[in-house]
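*Asks:* If you scroll down you'll find the structure; I have some questions about it.
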Amino acid sequence: MNRLKKELPKFEIESDSLEKKIAELTESEKKYREAYEWATFAKDLVIHDLNNIFSVMTLVIGKYSDELNAIDKLKTINDIIHVVQEGVKKSQNLISDIQKLFLIENEVGTVEEPIDLLKTLENAVKFTREVFKEKEVNIEIKSPEDIILLKSNHFLIDAFENILNNGIKYNENVRIEIIINISRVNGEENNYIKIEFIDNGIGIPDNQKKSIFLKGHRINQGVKGMGIGLALAKRIVESCDGYIWVEDKISGDHSKGSNFILLIHEFVSKS
1 MNRLKKELPK
11 FEIESDSLEK
21 KIAELTESEK
31 KYREAYEWAT
41 FAKDLVIHDL
51 NNIFSVMTLV
61 IGKYSDELNA
71 IDKLKTINDI
81 IHVVQEGVKK
91 SQNLISDIQK
101 LFLIENEVGT
111 VEEPIDLLKT
121 LENAVKFTRE
131 VFKEKEVNIE
141 IKSPEDIILL
151 KSNHFLIDAF
161 ENILNNGIKY
171 NENVRIEIII
181 NISRVNGEEN
191 NYIKIEFIDN
201 GIGIPDNQKK
211 SIFLKGHRIN
221 QGVKGMGIGL
231 ALAKRIVESC
241 DGYIWVEDKI
251 SGDHSKGSNF
261 ILLIHEFVSK
271 S
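Per the numbering used here, the sequence shown starts with residue 1, numbered consecutively.
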């Protein structure tokens, strides 16, 4: 009996060690599965989207190749050049987004640092206006202060750009309106900065309000691409322990537009 009592602690230790090993293996298996799923998605994304881009380029070049002797030769050539340039730009953006998702998934470059919110927003707005310069786009930033620092990382501008891009891409109005409202939210342990992107686009039905942040989801199936922008935005916000979700611009009527809401920790100096 005494010997049995002496052996019991040993068995308990070995049992704890075994449970720990099982937990580690389970976690390891989960990470490998997620890595495999990510690699598969990235492969499918590249194949699908690049095929779409190059198909459009090929069709346009083929269409105009027989018309180069027409009177309006210069316009024909310019049309071809424009399509090729757009295709190259989309390809570059796709590759860039995949690289960023990979870095964030592997926690590379996500070190938290003070980020100037207004400066970052202004740069994102400037870039977006340049991308959609052929459209009438009005983007207004409303902030209670001139300087607000966020506890985030340098990927944050990409989240802003993707949300702005979404508000313009899924918008059927001649004049596209996006209002960016900034306010403070005081929590029990941390203070958050609330950033709202309010657009007048086609809106998002309730049954898609969560799935739009998943890799591969598209709000409008008629829009080419496998949908990576909002998934990237979500991962960026989550990488700095923030929150992102979408609501109706006008509660109960999604067709009037969307309100993308971000909550990100305010940076507070320890000195």
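Built from N, CA and C at the ideal position, the CB exists for glycine as well. Just so you know, these numbers come straight off a predicted model, no measurement behind them.
Just verifying my parser: in three-state terms, what is the DSSP assignment at PHE197?
*Replies:* The residue you call residue 197 lines up with position 197 of the sequence shown. Strand.
*Asks:* Hey, would you say ASN166 sits closer than 9 Å to GLY229, going by beta carbons?
*Replies:* Translated into positions along the sequence shown, residue 166 becomes position 166. Translated into positions along the sequence shown, residue 229 becomes position 229. Contact flag set, yes.
*Asks:* Would you check if there are 3 or more beta carbon pairs closer than 8 Å linking the segment 153-166 to the segment 182-189?
*Replies:* no
*Asks:* Under the DSSP definition of a beta bridge, which residues are partnered with LEU25?
*Replies:* Along the sequence shown, read from residue 1 onward, the residue named residue 25 stands at position 25. Paired residue(s): none; LEU25 is not in a bridge.
*Asks:* How big is the Cα-Cα spacing for SER239 and PHE155?
*Replies:* Residue 239 sits at position 239 when you count from the first residue of the sequence shown. Residue 155 sits at position 155 when you count from the first residue of the sequence shown. One C-alpha to the other measures close to 9 Å.
*Asks:* By Cβ distance, which residues of its chain are closer than 7 Å to ASP241, with the 5 residues on each side in sequence left out?
*Replies:* Translated into the one-based positions of the sequence shown, residue 241 becomes position 241. Cβ-Cβ distances below 7 Å link ASP241 to HIS265 in the same chain, with the five nearest sequence neighbours on each side left out; the list follows chain order.
*Asks:* List the endpoints of the continuous alpha helix (DSSP H) containing GLY229.
*Replies:* For the purposes of this step, residue 229 is identified with residue 229 of the sequence shown, where counting begins at 1. Run containing GLY229: 229-239, per the alpha helix (DSSP H) assignment.
*Asks:* For GLY257, name the three-state secondary structure that DSSP assigns.
*Replies:* Within the sequence shown, numbered from 1, the residue matching residue 257 stands at position 257. It is a strand residue.
*Asks:* Please go through the same chain and pick out, in chain order, the residues whose beta-carbon is closer than 7 Å to the beta-carbon of ILE179, but skip the five residues on each side of it.
*Replies:* Position 179 of the sequence shown, counting from 1, holds the residue named residue 179. Excluding residues within five positions, the ones whose Cβ falls inside 7 Å are GLU140, LYS142 and ILE198.
*Asks:* On the DSSP bridge assignment, give the partners of VAL246 in chain order.
*Replies:* To locate residue 246, count along the sequence shown from 1; it is residue 246. BP columns for VAL246 point to PHE260.
*Asks:* Pick from GLY203, LEU214 and PHE267: whose alpha carbon is nearest that of ASN259?
*Replies:* Walking along the sequence shown from the start, residue 259 turns up at place 259. Cα-wise, what sits closest to ASN259 is GLY203.
*Asks:* Where do the N-terminal and C-terminal ends of the beta strand (DSSP E) with ASN207 fall, by residue?
*Replies:* Start at 1 with the first residue of the sequence shown, and residue 207 comes out as number 207. Unbroken run through ASN207: none, as it is neither H nor E.
*Asks:* Can you round the beta-carbon distance between ASN153 and GLU122 to whole angstroms, since I take them to be within the 8 Å contact cut?
*Replies:* Translated into positions along the sequence shown, residue 153 becomes position 153. Translated into positions along the sequence shown, residue 122 becomes position 122. Rounded, the Cβ-Cβ distance is 18 Å, inconsistent with contact.
*Asks:* Going straight from the alpha carbon of ASN138 to that of GLN99, what length do you get?
*Replies:* What you label residue 138 is simply residue 138 of the sequence shown in a count that begins at 1. What you label residue 99 is simply residue 99 of the sequence shown in a count that begins at 1. Cα-Cα distance, rounded: 30 Å.
*Asks:* For LEU149, write down the residues that DSSP places opposite it in a beta bridge.
*Replies:* Indexing the sequence shown from 1 puts residue 149 at position 149. Beta-bridge pairing links LEU149 to ASP116.
*Asks:* For GLY187, name the three-state secondary structure that DSSP assigns.
*Replies:* Indexing the sequence shown from 1 puts residue 187 at position 187. Collapsing the DSSP output to three states places GLY187 in coil.
*Asks:* Closest by CA to ALA124, which one among GLU161, GLU145, SER96 and VAL131?
*Replies:* In the sequence shown, counting from the first residue as 1, residue 124 sits at position 124. Taking only the C-alpha atoms, the option nearest ALA124 is GLU161.
*Asks:* Is DSSP giving GLY222 helix, strand or coil here?
*Replies:* Your numbering for residue 222 matches position 222 in the sequence shown. Caution is warranted here: a pLDDT of 48 is assigned to GLY222, below 50, making its placement in the model unreliable, and the coordinate value is therefore given only provisionally. DSSP places GLY222 in coil when its eight states are reduced to three.
*Asks:* Assuming ALA136 and ILE176 form a contact by the criterion Cβ under 8 Å, report the distance between their Cβ atoms to the nearest whole angstrom.
*Replies:* Taking the first residue of the sequence shown as position 1, residue 136 is located at position 136. Taking the first residue of the sequence shown as position 1, residue 176 is located at position 176. Looking at the sequence shown, residue 136 is not Ala but Glu. That belief holds up - the Cβ atoms of GLU136 and ILE176 are roughly 7 Å apart, short of 8 Å.
*Asks:* Specify the secondary structure class of GLU161 as computed by DSSP and reduced to three states.
*Replies:* Sequence index remark: in the sequence shown, residue 161 carries index 161 (1-based). Helix.
*Asks:* Can you look up VAL268 in the DSSP assignment and give me helix, strand or coil?
*Replies:* Along the sequence shown, one-based indexing puts residue 268 at 268. If DSSP states are grouped into helix, strand and coil, VAL268 belongs with coil.
*Asks:* In three-state terms, what does DSSP make of ASN181?
*Replies:* Start at 1 with the first residue of the sequence shown, and residue 181 comes out as number 181. Three-state DSSP puts ASN181 in a strand.
*Asks:* By how many angstroms is the C-alpha of LEU232 removed from the C-alpha of LEU263?
*Replies:* Here residue 263 refers to the residue found at position 263 when the sequence shown is read from its first residue. Here residue 232 refers to the residue found at position 232 when the sequence shown is read from its first residue. Computed Cα separation, rounded: 16 Å.
*Asks:* According to DSSP, which residues form a beta bridge with GLU140?
*Replies:* For the purposes of this step, residue 140 is taken as residue 140 along the sequence shown, with counting starting at 1. Note: GLU140 sits in a beta bridge opposite ILE179.
*Asks:* Cα separation between SER251 and THR120?
*Replies:* In the sequence shown, the residue the question calls residue 251 occupies position 251. In the sequence shown, the residue the question calls residue 120 occupies position 120. Near 29 Å, if we compare the C-alpha coordinates of THR120 and SER251.
*Asks:* Cα-Cα, which of ILE244, ASN200, GLU196 and ILE236 is closest to LYS210?
*Replies:* For this step, residue 210 is matched to residue 210 along the sequence shown. Among ILE244, ASN200, GLU196 and ILE236, the Cα nearest to that of LYS210 belongs to ILE244.
*Asks:* Buried or exposed: which applies to ASN171, given that a residue is buried once 16 or more other Cβ atoms fall within 10 Å of its Cβ?
*Replies:* On the sequence shown, residue 171 is found 171 positions in, with the first residue counted as 1. ASN171 counts as buried, since no fewer than 16 other beta carbons sit within 10 angstroms of its beta carbon.
*Asks:* Tell me the rounded alpha-carbon separation between ASP79 and LEU59.
*Replies:* What you label residue 79 is simply residue 79 of the sequence shown in a count that begins at 1. What you label residue 59 is simply residue 59 of the sequence shown in a count that begins at 1. Whole-angstrom Cα-Cα distance: 12 Å.
*Asks:* In the DSSP output, which residue or residues are listed as bridge partners for TYR192?
*Replies:* As a first step, residue 192 must be located in the sequence shown, where it is residue number 192. Looking at the DSSP assignment, TYR192 forms a beta bridge with VAL185 and HIS265.
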